[in-house]
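What follows is a single structure, written as structure tokens, with notes after it.
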Amino acid sequence: PLGSPPRPRALSEREPILDPSLHQHLDRKINFVAGVIHPWRVSAFERLLWRACRGYLVASFVEMPEPMEDPATGESITWVIFLISYWGEQIGQKIRKISDCFHCHVYPYPESEASRADTMSGLHSQIQDLSVVLEETEQYLAQVLDKVVLVLPTWRVQVQKMKAIYLVLNQCSFDVTEKCLIAEVWCPVRDLTQVQDALRQGSYKSGSSVECFVQRIPTSESPPTLIRTNKFTAGFQSIVDAYGVASYQEVNPAPYAIITFPFIFAIMFGDVGHGLLMFLFALWMVLYENSPSLRQASNEIWLTFFEGRYLILLMGAFSIYTGFIYNECFSKATVIFPSAWSVATMANHSSWSSAYLATHPSLTLDPNVTGVFQGPYPFGIDPIWSLATNHLNFLNSFKMKMSVVLGIVHMGFGVLLGVFNHVHFQQRHRLVLELLPEVVFLLALFGYLVFLIFYKWVKFSATDSMVAPSILIHFIDMFLFTSNADNLPLYRGQVPVQTALVVLALASVPVLLLGTPLYLCCRRRAPRTGHPAPVAAGEQEPLLEGQEAGNSVNATKEDVESGGHGPDSEHLDFAEIFMHQAIHTIEYCLGCVSNTASYLRLWALSLAHAQLSEVLWTMVMRNGFVRLSYVGGVVLVPTFAAFAVLTVAILLVMEGLSAFLHALRLHWVEFQNKFYVGAGYKLCPFAFAPDAWE
Numbered sequence: 108p109l110g111s112p113p114r115p116r117a118l119s120e121r122e123p124i125l126d127p128s129l130h131q132h133l134d135r136k137i138n139f140v141a142g143v144i145h146p147w148r149v150s151a152f153e154r155l156l157w158r159a160c161r162g163y164l165v166a167s168f169v170e171m172p173e174p175m176e177d178p179a180t181g182e183s184i185t186w187v188i189f190l191i192s193y194w195g196e197q198i199g200q201k202i203r204k205i206s207d208c209f210h211c212h213v214y215p216y217p218e219s220e221a222s223r224a225d226t227m228s229g230l231h232s233q234i235q236d237l238s239v240v241l242e243e244t245e246q247y248l249a250q251v252l253d254k255v256v257l258v259l260p261t262w263r264v265q266v267q268k269m270k271a272i273y274l275v276l277n278q279c280s281f282d283v284t285e286k287c288l289i290a291e292v293w294c295p296v297r298d299l300t301q302v303q304d305a306l307r308q309g310s311y312k313s314g315s316s317v318e319c320f321v322q323r324i325p326t327s328e329s330p331p332t333l334i335r336t337n338k339f340t341a342g343f344q345s346i347v348d349a350y351g352v353a354s355y356q357e358v359n360p361a362p363y364a365i366i367t368f369p370f371i372f373a374i375m376f377g378d379v380g381h382g383l384l385m386f387l388f389a390l391w392m393v394l395y396e397n398s399p400s401l402r403q404a405s406n407e408i409w410l411t412f413f414e415g416r417y418l419i420l421l422m423g424a425f426s427i428y429t430g431f432i433y434n435e436c437f438s439k440a441t442v443i444f445p446s447a448w449s450v451a452t453m454a455n456h457s458s459w460s461s462a463y464l465a466t467h468p469s470l471t472l473d474p475n476v477t478g479v480f481q482g483p484y485p486f487g488i489d490p491i492w493s494l495a496t497n498h499l500n501f502l503n504s505f506k507m508k509m510s511v512v513l514g515i516v517h518m519g520f521g522v523l524l525g526v527f528n529h530v531h532f533q534q535r536h537r538l539v540l541e542l543l544p545e546v547v548f549l550l551a552l553f554g555y556l557v558f559l560i561f562y563k564w565v566k567f568s569a570t571d572s573m574v575a576p577s578i579l580i581h582f583i584d585m586f587l588f589t590s591n592a593d594n595l596p597l598y599r600g601q602v603p604v605q606t607a608l609v610v611l612a613l614a615s616v617p618v619l620l621l622g623t624p625l626y627l628c629c630r631r632r633a634p635r636t637g638h639p640a641p642v643a644a645g646e647q648e649p650l651l652e653g654q655e656a657g658n659s660v661n662a663t664k665e666d667v668e669s670g671g672h673g674p675d676s677e678h679l680d681f682a683e684i685f686m687h688q689a690i691h692t693i694e695y696c697l698g699c700v701s702n703t704a705s706y707l708r709l710w711a712l713s714l715a716h717a718q719l720s721e722v723l724w725t726m727v728m729r730n731g732f733v734r735l736s737y738v739g740g741v742v743l744v745p746t747f748a749a750f751a752v753l754t755v756a757i758l759l760v761m762e763g764l765s766a767f768l769h770a771l772r773l774h775w776v777e778f779q780n781k782f783y784v785g786a787g788y789k790l791c792p793f794a795f796a797p798d799a800w801e
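Position one of the sequence shown corresponds to residue 108 (my numbering), numbered consecutively onward.
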């Protein structure tokens with residue numbers, strides 16, 4: 108019927124797809140454009156192609172299987188490959204322009220099948236050639252790197268030496284002619300000959316027409332301090348330098364600290380077992396000190412222990428010694444010699460019946476009974492005291508008096524070391540105006556206390572120990588200028604002697620306060636007829652290469668005083684000198700009292716270490732032995748493991764660190780403060796440090 112839509116024809120498989128009327132256009136040539144594009148631009152690129160060419164093209168996009176580097180930015184990108192087929196030159200020009208706008212990498216695409224096959228074969232052959240070249244190049248580079256690895260340490264050393272040399276040369280200055288380099292350096296006196304020989308040999312080997320020479324020049328600067336150490340003394344010197352580097356030609360406390368520091372540590376850490384463990388640990392580090400695995404460890408805590416291995420070795424050895432004196436090995440006493448106390452003799456001379464023993468768990472040994480006490484123990488404390496219930500009271504009295512005696516001796520030794528500073532720097536007035544009042548003040552008060560301790564030990568025995576007076580009350584009455592009728596005197600005429608000593612100590616304070624300021628003030632006002640005598644340079648101290656032995660940097664004693672041992676009378680007024688001396692006087696007088704009390708830490712730390720060791724044995728190891736009857740020896744394995752871990756963690760590490768810090772404080776504050784200024788600075792000589800390339 109009219110107006111009805113046409114029915115669609117049924118299509119067969121043999122019927123052509125294109126309309127027969129379009130056959131005349133099939134002879135047109137189909138061209139191709141191939142290239143790669145960034146994946147972010149694919150959608151916009153495809154959309155623009157479709158709109159611009161109105162669909163007269165066929166575009167195919169495929170991602171690369173592997174990412175490739177962008178030659179412009181160096182970024183790794185998974186590119187998208189595209190292949191566009193089109194008809195007509197105008198459409199081809201549009202496609203190329205759009206590709207250029209999207210920064211596509213376009214590659215030539217052969218038109219014929221044969222040309223494409225030839226291109227593919229050529230590309231495959233190029234890829235194979237490049238692969239062979241790359242493989243051979245990698246092999247060659249591997250051979251070169253293998254050879255470089257062998258000589259790389261030598262090259263590194265050479266480069267570091269060259270950089271160090273040029274760094275020093277850049278610090279030199281030119282002479283007037285700008286042809287020679289001038290270097291002003293510090294040099295030890297005894298090494299000056301070696302420096303001259305080295306410069307002479309360098310000039311000869313380099314073929315220089317001008318020979319290098321050394322000329323000493325005077326200077327007013329304070330020279331640096333050079334203290335030569337070895338692997339044994341370096342640890343002790345580091346302890347002193349941590350407080351302050353010694354002033355030029357000042358007495359160095361490190362040689363004395365080699366003995367006093369481990370000994371003071373051992374007083375607080377006295378135990379044979381713990382000291383033996385510490386000694387063996389340090390001995391292992393000493394025997395394997397050249398091992399690269401120990402030297403080149405990255406753990407800072409381990410390197411600290413390794414650098415102080417000789418210090419730990421001596422601390423362990425001294426702890427073994429004091430442990431034998433205390434007669435303690437893991438808190439248990441050892442019977443090296445037979446006990447001087449006889450229980451059998453006491454039992455024979457007493458009425459200890461069975462009923463008495465049943466009602467008295469603790470028995471008293473009376474030394475006044477003949478044969479009960481046979482004399483002092485050959486070495487250390489008698490082992491029977493470890494069984495006594497009053498052993499803590501006995502050890503407290505012993506260790507407290509021992510701490511006071513050792514502390515006063517240690518401080519007195521530090522005061523006497525100031526003699527070497529005063530004599531060396533030609534400050535002999537300080538021997539009379541400072542050192543003598545300090546010694547009188549210390550000995551008149553605290554030296555007398557040491558005398559009272561030893562006198563009471565010698566004077567009173569077990570027979571009259573009940574009437575022995577109290578030293579503490581006598582010492583308090585000494586400052587109050589009184590006497591106590593209930594506290595019997597130790598010797599005849601004790602009160603007048605104590606009064607005279609206190610008056611003598613108080614009289615030394617004004618001398619210490621005013622002596623040096625008045626002397627320097629009078630000396631400054633006195634007319635001078637010549638220059639002060641120079642100070643001879645010590646061979647261990649560094650001097651400038653321009654100074655003679657008789658014209659050292661600290662040429663005058665006043666210059667030395669300004670370097671840390673006293674005020675310069677030419678530049679400081681009397682008020683400043685007096686203020687400096689007043690501070691020193693107050694610090695010394697009050698310090699003698701506080702420092703003496705500070706040495707009681709030896710008693711406290713020793714008591715704490717012994718009690719912790721006993722508690723650890725009683726609460727851990729003893730339980731393993733007590734329970735043997737129940738579960739056999741199996742329980743000893745975890746018990747001993749726990750005992751060993753706690754011993755190392757608490758008694759060796761924590762207690763050892765605590766005792767080390769307290770010994771460090773006693774040396775810095777109580778000992779070195781008496782004579783050591785530490786206002787200098789180290790000499791940093793030019794050297795090729797081997798640690799950089801080992």
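Note that the Cβ used here is the ideal one computed from N, Cα and C, for glycine as well.
Per the coordinates, the alpha-carbon of residue 190 lies some 38 Å from the alpha-carbon of residue 246. Segment contact: the segment 438-455 against the segment 413-427, fewer than three CB-CB distances shorter than 8 Å; contact not assigned. Here the segment 516-535 lies against the segment 777-786, with 3 or more beta-carbon pairs under 8 Å apart. In the three-state reduction of the DSSP assignment, residue 491 falls in the helix class, which pools H, G and I. With a cutoff of 8 Å on beta-carbon distance, residue 214 and residue 194 are scored as not near each other. A contact is defined here as three or more CB-CB pairs under 8 Å, and the segment 504-522 fails this definition with respect to the segment 720-728. As computed with DSSP, residue 175 is found in a beta bridge with 184.
In this structure residue 342 touches residue 415 by the C-beta definition: roughly 4 Å separates them, less than 8 Å. Judged by their CB atoms, residue 360 and residue 347 are nearer to each other than the 8 Å cut-off. As for any alpha helix (DSSP H) of minimum length 4 sitting wholly inside the segment 528-592, the runs are 543-549, 555-566 and 578-587, ordered along the chain. Rounded to the nearest angstrom, the gap between the Cα atoms of residue 385 and residue 703 is 29 Å.
The Cβ-Cβ distance between residue 321 and residue 333 does not fall below 8 Å.
For residue 226, same chain residues with a beta-carbon under 6 Å away, outside a window of 5 residues either side, are 217 in chain order. Residue burial is scored here from C-beta neighbours: residue 273 has fewer than 16 other C-beta atoms within 10 angstroms and is therefore classed as exposed.
Within the DSSP bridge table, the entry for residue 332 names 789 as partners. Beta-carbon to beta-carbon, residue 626 and residue 536 are separated by about 5 Å, close enough to satisfy the 8 Å threshold. The residues 526, 529 and 530, in chain order, have a CB closer than 8 Å to that of residue 538 in the same chain once the five nearest residues on each side in sequence are set aside. With fewer than 16 other Cβ atoms from the protein chains shown falling within 10 Å of its own Cβ, residue 693 counts as exposed. For residue 455, the uninterrupted alpha helix (DSSP H) run begins and ends at 450-455, by DSSP. Nearest to residue 547 by alpha-carbon distance, out of 589, 610, 505 and 500, is 610. In the DSSP assignment, residue 277 falls within the unbroken alpha helix (DSSP H) covering 220-277. Between the alpha carbons of residue 484 and residue 520 lies a distance of about 30 Å. The C-beta separation of residue 763 from residue 747 comes to about 21 Å, leaving the pair out of contact by the 8 Å criterion. An exposed status is given to residue 289, since fewer than 16 other beta-carbon atoms sit within 10 Å of its beta-carbon. For residue 166, DSSP records a beta bridge to 191. Looking at the backbone, the Cα of residue 154 and that of residue 160 are separated by about 10 Å.
In the structure shown, the three-state DSSP call for residue 745 is helix. Out of 192, 172, 242 and 295, the CA that lies nearest to the CA of residue 136 is found in 192. Beta-carbon to beta-carbon, residue 427 and residue 487 are separated by about 12 Å, too far to satisfy the 8 Å threshold. For residue 321, no beta strand (DSSP E) run applies, since DSSP gives it neither H nor E. Cα atoms of residue 365 and residue 340: separation of roughly 8 Å, rounded to the nearest angstrom.
Taking the Cα of residue 489 as reference, the smallest distance to any Cα among 518, 516 and 449 is reached at 449. The DSSP-derived three-state label of residue 439 is strand. Across the set 145, 204, 166 and 197, the C-alpha of 145 shows the shortest separation from the C-alpha of residue 180. Contact check between the segment 363-382 and the segment 404-412: fewer than three CB pairs, one atom from each, fall below 8 Å, which does not count as touching.
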